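**Student:**
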Amino acid sequence: MSHKITHQRLAELVGGELAQGDPEGVVTGLNSITEAVPGEVTFLGNPRYLPALKTTKATAILVGGDFAESMEGVALIKVANPTFAFSSVIRHFGPPARDFTPGVHSTACVSSKATFDPQQVSIGPMAVVGDDVVIGDGTTIGAGVCIGQGARLGEDCFLHANCTIGDRCVLGNRVIIHSGTVIGSDGFGYEFVKGRHVKIDQVGIVQIDDDVEIGAACSVDRARFGRTWIGAGTKIDNQVQIAHNAIVGKHCIIVAHVALAGSVRMGDYVTLAGQVAIGGHLEICNQVTILAKSGVTKNITEPGAYMGFPAKPLMEHKRQLAAQSKIPDLMDRIRTLEKRLAALEGGKAEG
Amino acid sequence: MSHKITHQRLAELVGGELAQGDPEGVVTGLNSITEAVPGEVTFLGNPRYLPALKTTKATAILVGGDFAESMEGVALIKVANPTFAFSSVIRHFGPPARDFTPGVHSTACVSSKATFDPQQVSIGPMAVVGDDVVIGDGTTIGAGVCIGQGARLGEDCFLHANCTIGDRCVLGNRVIIHSGTVIGSDGFGYEFVKGRHVKIDQVGIVQIDDDVEIGAACSVDRARFGRTWIGAGTKIDNQVQIAHNAIVGKHCIIVAHVALAGSVRMGDYVTLAGQVAIGGHLEICNQVTILAKSGVTKNITEPGAYMGFPAKPLMEHKRQLAAQSKIPDLMDRIRTLEKRLAALEGGKAEG
Amino acid sequence: MSHKITHQRLAELVGGELAQGDPEGVVTGLNSITEAVPGEVTFLGNPRYLPALKTTKATAILVGGDFAESMEGVALIKVANPTFAFSSVIRHFGPPARDFTPGVHSTACVSSKATFDPQQVSIGPMAVVGDDVVIGDGTTIGAGVCIGQGARLGEDCFLHANCTIGDRCVLGNRVIIHSGTVIGSDGFGYEFVKGRHVKIDQVGIVQIDDDVEIGAACSVDRARFGRTWIGAGTKIDNQVQIAHNAIVGKHCIIVAHVALAGSVRMGDYVTLAGQVAIGGHLEICNQVTILAKSGVTKNITEPGAYMGFPAKPLMEHKRQLAAQSKIPDLMDRIRTLEKRLAALEGGKAEG
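For the record, the sequence lines run as chains L, Z and A. Numbering of the first sequence is given in our numbering, commencing with residue 1 and proceeding in unit increments. Numbering of the second sequence is given in our numbering, commencing with residue 352 and proceeding in unit increments. Numbering of the third sequence is given in our numbering, commencing with residue 703 and proceeding in unit increments.
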């Protein structure tokens, strides 16, 4: 079976318009703008790749509606959002989506006290499902996943192989958890008593709301009591650490290697770039973006972009960076002032 | 069964004194100071939450012995350490602790050459225990845990689901390892020979002493030879990386995303805050605290707090930060000096 | 069986020369230079340990060919590269290497549609091998490892316990993957549509070429389409994050807690020190070293060392650091200038 498709059909597939090129010309595959060969379709989704347009060997290109450059010998398909529209192309050429195959694998270890419809969930090889676990319809539990007793999973969740869900944690619907990730490890809490760190019980849970996705090798600690809470629609990259009792709002973006300390409270539509850290007990309001590697040390109560350690409003951070680069110039000017002043003092003394 | 408890019994439970309120009043649950509703008990463990006292709806509050504010309509229980004392409250209301249920799950794969008392250890579903492993009484091995050959585990350890213990690694008593964590991965050692990185054998072990807790998704590499060593009572948060041949002292605190390079030697009672890095082969003496995101590039031989990259004594770091914030002011003052000097030079020239 | 060995045989074992000491003297064990006791052999591989030479109790020491210090009562063996040569000593005294024991463990769950020679591969307990997986001869799949459908593994690979290989990912020959690591998690890609982050399908793969080693608890995301690609001979430490569509060249070194954003393209012989971050879509040419904790924000087109955030050529970064340390001095000089100028102005006014 061939995946080949005409330019015209391609335009229809992505909901765009064939602005240039032979409607009956065909493409047989897809690739990035730098690696495409003749016969392939690509897309221009980031102005960073404009220079690559000159050298691309692609036969067809998805471009934005305002694309105005002239290009020869290539089919141009205009579409509102080329990056997003390319997903339809990927789906056309890509591997067939894995079917949802309901049933409990014979090697899985599932408690007889778990509640689910075996015709409506998929439990993979070597998975472990504890007592009193509840699993919603349409949910997939990958190979080697361990789910602790009393955990509750909503509908249409996907737990990738070898992730771990701790006792009593609660996942909403359409939650995706990637491999290696741990939901519900103990919070990091000790009291220092007579020269020793004595463990404080961590008996709360983690609550993850609808449509959250959490990447690979993350850790989300359970609350000391109550809950650590990830709001609906929030997306978390790999290797992210979320400490006990943290509250993350809705529709946030948390990039790789971010660390949230305990009891942080984040609003909605917050973006944390890579390697950011947020100090314990801090509040961050809605619509805040923290740029990469920043460390937040105070509450943030105004929407906007922040950067640095300690994190400051972005403009202030940039001014400070710029000021630092001026130090050598300042040194020169001081040296000059010292000479001029000495000359003047000498002149006066002499005068 | 109700968990409700009178204020008087609550005071006794936490070893405190009912300083205000009706001894026979009751609470039926617990919560944080900001989320408590009437009928719940909370605690004031951090001065940061003093403003929340004014608005809390809690019916009873654990406070410190020196608490002197007046509050109406609420029971106040004075206790030496409210945060710590609250653990008794959590235990009262919390989920019942999971019983230790000895025995080897039928789906576990346990070598016949492993040594342990099956009546005294708990081995979960899908766990793998290699040849010549020794397991002390009271130890729990969670679902999906893999223990390599020749590893030795002490008494009353708890290995959470899906963690991995490498060949010949040694754990003391009461060691807790959380899910996803890897003890005994190979050290990162290569020699560069003719344009290639050639692997150096890593045949040492990891030794973890009594009462150590290691969080989720951590990695502790085995030594090239000899041992990587975590001292008794040390507590390690999530996502921490400890390289080969590192030695961590006793009763240290290592927060999330810290990285120790190879052959680091840390003393006792050292605290490393989040995202700290320690360079290879460095020594850090007892009683040192390294603040968040710092990078240590030299030996530290004096107790105290350090910060920055390169890490400096905290006061020096703060002075440097303060100095940086003065640059715009310095620029202004130089500009003013230049004008005044020019005026003077001009005046003199004219004079 | 004793491992004891004479100084002469030791010199032969490491391909070196006994420069000093009794050829028939014996050592019975090995240790680091600081921990060695009489009867043990050690090595001097790092000038940092020169002071330890004065106090070491070792009986024999491997030193470099140009070692010129005089030491009494100790056997000195000169060899080109003491660190590397010591591996032979470790092998002599160390635990016997684990044999490769071919066969499929009875508890493993291996698809009947997987392709491999059961006499030539080793599949451990509880491992899961999906449909259409291909496994080369000499490859070991550890306990609890999950391999998704259609993945292809070359010859002589070693997948340590509890790692995860996603669908359709491709590993070359002699690839080592440590425990907890995830190859082929979904790339972190969303489009923001009407207030929600909508997942962009991630249907590409991860390709890992020959002789790559990846440490514990790492994550390598699959490409949106096409491949995320790790070049031959590259070595990756623990807890490293590699985002979708990143391309890492050959013979690179990537140290712990590094994060590569999406579509990064790195050349060959690039070294990234601990906690470095590389921004999305950036290119880094061959032979570049990025020092610890740096953040790269622009393409790097010249070989050399870079540091800071934003990363700059190392010399420039050092100059900037030095300049910052001069600020207090600048403040003093400005204060002095102000006084002198005021005096002069006053003098003039009076004059």
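Each residue gets a CB set at the ideal place from its N, CA and C atoms; glycine is no exception. The structure presented is a predicted model; accordingly, all values stated were derived computationally and were not measured.
Where does the unbroken alpha helix (DSSP H) through K669(Z) begin, and where does it stop?
**Tutor:** Counting from 1 along the second sequence, the entry for residue 669(Z) is found at position 318. Segment L665 to S676, the alpha helix (DSSP H) holding K669(Z).
**Student:** For a cutoff of 7 Å on Cβ pairs, would you count G366(Z) as touching chain L?
**Tutor:** As a first step, residue 366(Z) is located in the second sequence; it is residue number 15 there, counting from the start. Chain L contact via Cβ: absent.
**Student:** Spatial neighbours of P654(Z) within its chain, please: C-beta separation below 7 Å, excluding the five flanking residues on both sides.
**Tutor:** Here the question's residue 654(Z) lines up with position 303 in the second sequence. Cβ neighbours of P654(Z) beyond the five flanking positions: C636, N637, Q638 and V639.
**Student:** Run the CB neighbour count on P725(A), radius 10 Å, all protein chains shown included, and call it buried at 16 or more, exposed below.
**Tutor:** As a working mapping, residue 725(A) is identified with position 23 in the third sequence. Result: exposed.
**Student:** Around the C-beta of Q202(L), are 16 or more other C-beta atoms found within 10 angstroms, so that it is buried, or is it exposed?
**Tutor:** Your numbering for residue 202(L) matches position 202 in the first sequence. Q202(L) comes out buried.
**Student:** Quick one: residues in its chain with C-beta nearer than 7 Å to the C-beta of G372(Z), no 5 flanking neighbours on either side, listed in chain order?
**Tutor:** As a working mapping, residue 372(Z) is identified with position 21 in the second sequence. H358, A411, V425, A426 and L427, listed in sequence order.
**Student:** What are the boundary residues of the alpha helix (DSSP H) that includes L746(A)?
**Tutor:** Mapped onto the third sequence, residue 746(A) falls at position 44. Counting along the chain, L746(A) falls outside any alpha helix (DSSP H), and DSSP gives it neither H nor E.
**Student:** Could you compute how far the alpha carbon of T181(L) sits from the alpha carbon of V121(L)?
**Tutor:** Numbered from 1 along the first sequence, position 181 holds the residue referred to as residue 181(L). Numbered from 1 along the first sequence, position 121 holds the residue referred to as residue 121(L). Each residue's alpha carbon lies about 21 Å from the other.
**Student:** Mapping the DSSP letters down to three states, classify T28(L) as helix, strand or coil.
**Tutor:** Looking up residue 28(L) in the first sequence gives position 28. T28(L) falls in the coil class under three-state DSSP.
**Student:** I'd like to know whether the C-beta of F394(Z) is nearer than 7 Å to at least one C-beta of chain B.
**Tutor:** This model lacks chain B altogether, as its protein chains are L, Z and A.
**Student:** Whole angstroms is fine: what's the gap from M307(L)'s alpha carbon to A277(L)'s?
**Tutor:** Against the first sequence, residue 307(L) aligns to sequence position 307. Against the first sequence, residue 277(L) aligns to sequence position 277. Distance between the alpha carbons of M307(L) and A277(L): 11 Å.
**Student:** Answer with buried or exposed for D167(L), where buried requires no fewer than 16 other C-beta atoms within 10 angstroms of its C-beta.
**Tutor:** Locating residue 167(L) in the first sequence gives position 167, counting from the first residue. Per the 10 Å Cβ criterion, buried.
**Student:** For Q241(L), which residues in chain Z fall below 7 Å Cβ to Cβ?
**Tutor:** Here residue 241(L) refers to the residue found at position 241 of the first sequence. Near Q241(L) (Cβ distances below 7 Å), the residues of chain Z are N589, Q590, A607 and H608.
**Student:** Spatial neighbours of K113(L) within its chain, please: C-beta separation below 6 Å, excluding the five flanking residues on both sides.
**Tutor:** Numbered from 1 along the first sequence, position 113 holds the residue referred to as residue 113(L). Once the five neighbours on either side are set aside, the close Cβ partners of K113(L) are D131 and D132.
**Student:** Checking 7 Å against the spacing of the C-beta atoms, do F158(L) and I135(L) come in under that value?
**Tutor:** For this step, residue 158(L) is matched to residue 158 along the first sequence. For this step, residue 135(L) is matched to residue 135 along the first sequence. In this structure, I135(L) does not lie closer than 7 Å to F158(L) by Cβ.
**Student:** Name the DSSP bridge partner or partners of Q207(L)?
**Tutor:** In the first sequence, the residue the question calls residue 207(L) occupies position 207. Paired residues: V170(L) and W229(L).
**Student:** What's the C-alpha gap between G796(A) and G566(Z)?
**Tutor:** As a first step, residue 796(A) must be located in the third sequence, where it is residue number 94. As a first step, residue 566(Z) must be located in the second sequence, where it is residue number 215. Cα-Cα distance, rounded: 30 Å.
**Student:** Grab me the residues of T652(Z)'s own chain with a C-beta within less than 8 Å of its C-beta, minus the 5 sequence neighbours each way, in chain order.
**Tutor:** Counted from its first residue, the second sequence places residue 652(Z) at position 301. Excluding residues within five positions, the ones whose Cβ falls inside 8 Å are E634 and C636.
**Student:** Assign V198(L) to one of three DSSP states: helix, strand, or coil.
**Tutor:** Along the first sequence, read from residue 1 onward, the residue named residue 198(L) stands at position 198. V198(L): strand per DSSP, three-state reduction.
**Student:** Taking DSSP as the reference, what is the three-state secondary structure of L688(Z)?
**Tutor:** The count along the second sequence starts at 1 and reaches residue 688(Z) at position 337. DSSP places L688(Z) in helix when its eight states are reduced to three.
**Student:** According to DSSP, simplified to helix, strand and coil, what is I629(Z)?
**Tutor:** Within the second sequence, numbered from 1, the residue matching residue 629(Z) stands at position 278. It is a strand residue.
**Student:** What's the C-alpha gap between M703(A) and I792(A)?
**Tutor:** Within the third sequence, the letter at position 1 stands for residue 703(A). Within the third sequence, the letter at position 90 stands for residue 792(A). Note that M703(A) has pLDDT 40, beneath the 50 cutoff, so the model's placement of it is unreliable and no number is given.
**Student:** Run down chain L in chain order and give the residues with a C-beta less than 8 Å from the C-beta of C811(A).
**Tutor:** In the third sequence, residue 811(A) corresponds to position 109, counting from 1. Residues of chain L passing the Cβ test: H105, T107, P125, M126 and A143.
**Student:** Can you give me, in chain order, the residues of the region 672-695 of chain Z that have a beta carbon less than 8 Å from any beta carbon in chain A?
**Tutor:** The residues in question are A674, Q675, K677, I678, L681, R684, I685, L688, R691, L692 and L695.
**Student:** Use the C-beta contact count for Q119(L): other C-beta atoms within 10 angstroms, 16 or more gives buried, fewer gives exposed.
**Tutor:** Taking the first sequence and counting its residues from 1, one reaches residue 119(L) at position 119. It is exposed - the Cβ of Q119(L) has fewer than 16 other Cβ atoms within 10 Å.
**Student:** Mapping the DSSP letters down to three states, classify L361(Z) as helix, strand or coil.
**Tutor:** For the purposes of this step, residue 361(Z) is identified with residue 10 of the second sequence, where counting begins at 1. Helix, per DSSP.
**Student:** At which residues does the alpha helix (DSSP H) containing I735(A) begin and terminate?
**Tutor:** Mapped onto the third sequence, residue 735(A) falls at position 33. Counting along the chain, I735(A) falls outside any alpha helix (DSSP H), and DSSP gives it neither H nor E.
**Student:** So which residues on chain Z does S881(A) lean against when the C-beta distance must stay under 7 Å?
**Tutor:** Stepping through the third sequence from its first residue, residue 881(A) is reached at position 179. By Cβ distance, chain Z contributes T515, V533 and S536.
**Student:** Grouping DSSP H, G and I as helix and E and B as strand, with all else coil, what is S570(Z)?
**Tutor:** Position 219 of the second sequence, counting from 1, holds the residue named residue 570(Z). Here S570(Z) sits in strand by DSSP.
**Student:** State the DSSP-derived secondary structure class of G697(Z), mapped to helix, strand or coil.
**Tutor:** Translated into positions along the second sequence, residue 697(Z) becomes position 346. In this structure, G697(Z) counts as helix in the three-state DSSP scheme.
**Student:** Taking 7 Å as the cut-off, decide whether the C-beta atoms of Q943(A) and A273(L) are in contact.
**Tutor:** In the third sequence, residue 943(A) corresponds to position 241, counting from 1. In the first sequence, residue 273(L) corresponds to position 273, counting from 1. Not closer than 7 Å, so no.
**Student:** Mapping DSSP to helix, strand and coil, what is G15(L)?
**Tutor:** Start at 1 with the first residue of the first sequence, and residue 15(L) comes out as number 15. Correct three-state label for G15(L): coil.
**Student:** Who does V353(L) pair with in a DSSP beta bridge?
**Tutor:** A question about residue 353(L) goes unanswered here, because the residues of chain L that appear run from 1 up to 351.
**Student:** Write down the C-beta distance between Q475(Z) and G493(Z) rounded to the nearest angstrom, noting that I regard them as a contact closer than 8 Å.
**Tutor:** Position 124 of the second sequence, counted from the start, is the residue given in the question as residue 475(Z). Position 142 of the second sequence, counted from the start, is the residue given in the question as residue 493(Z). Checking the displayed sequence, the identity of residue 475(Z) turns out to be Gly instead of Gln. Yes, G475(Z) and G493(Z) are in contact; Cβ-Cβ is about 5 Å, under 8 Å.
**Student:** Out of curiosity, what's the CA-to-CA distance linking A127(L) and R224(L)?
**Tutor:** Within the first sequence, residue 127(L) is the residue found at index 127, counting from 1. Within the first sequence, residue 224(L) is the residue found at index 224, counting from 1. Computed Cα separation, rounded: 27 Å.
**Student:** Whose C-alpha, out of Y190(L), S88(L), N81(L) and P51(L), is nearest the C-alpha of M71(L)?
**Tutor:** Taking the first sequence and counting its residues from 1, the one referred to as residue 71(L) is at position 71. Among Y190(L), S88(L), N81(L) and P51(L), the Cα nearest to that of M71(L) is on P51(L).
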